[in-house]
Amino acid sequence: NALRWCVAEMERRYRLMATIGVRNLSGFNRKIREAISKGRPIADPLFKPNEETGNVVAPDLEPFPYVVVV
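In this note's numbering, the protein residues as written are 218 to 287.
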């Protein structure tokens, strides 16, 4: 359901922000944009390779949009 997705996404974002070393969403987005503009995008540090599907390379992180729940 939607609430479960929101909680899982919030937890995933908190883990990523802690790993990247930022405290909030704007800091995360700023750091990701700076890395992209310097030509050194940051690979997803939480990525888990899946050899069954052939997905073994971590994707580059992109800035996060805000999630609004009403």
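C-beta: ideal position from N, C-alpha, C; glycine also.
Cα-Cα separation between residue i and residue j, rounded to whole angstroms
{"i": "I253", "j": "D261", "result": "13 Å"}
{"i": "G256", "j": "E268", "result": "28 Å"}
{"i": "F240", "j": "T270", "result": "Per the sequence shown, the amino acid found at residue 240 is Arg instead of Phe. Near 34 Å, if we compare the C-alpha coordinates of T270 and R240."}
{"i": "V284", "j": "R247", "result": "17 Å"}
{"i": "A225", "j": "R232", "result": "11 Å"}
Any non-hydrogen atom of the ligand HEM within 6 Å of residue i CB
{"i": "G244", "result": "Among the ligands in the structure shown, none appear at all, so the ligand HEM cannot be discussed."}
Residue nearest to residue i in terms of C-alpha spacing, selected from the options
{"i": "N300", "options": "F264, V224 and A235", "result": "In the structure as shown, the chain starts at 218 and stops at 287, and residue 300 therefore has no counterpart that could be examined."}
{"i": "P258", "options": "M227, D277, N267 and L233", "result": "D277"}
Opposing strand residues paired with residue i [DSSP bridges]
{"i": "A260", "result": "D277"}
{"i": "N267", "result": "N272"}
CB-CB length for residue i against residue j, believed under 8 Å
{"i": "I249", "j": "E279", "result": "7 Å"}
{"i": "L242", "j": "F281", "result": "6 Å"}
{"i": "F245", "j": "M227", "result": "Actually they do not touch by this definition, with Cβ atoms about 13 Å apart."}
{"i": "C223", "j": "V286", "result": "6 Å"}
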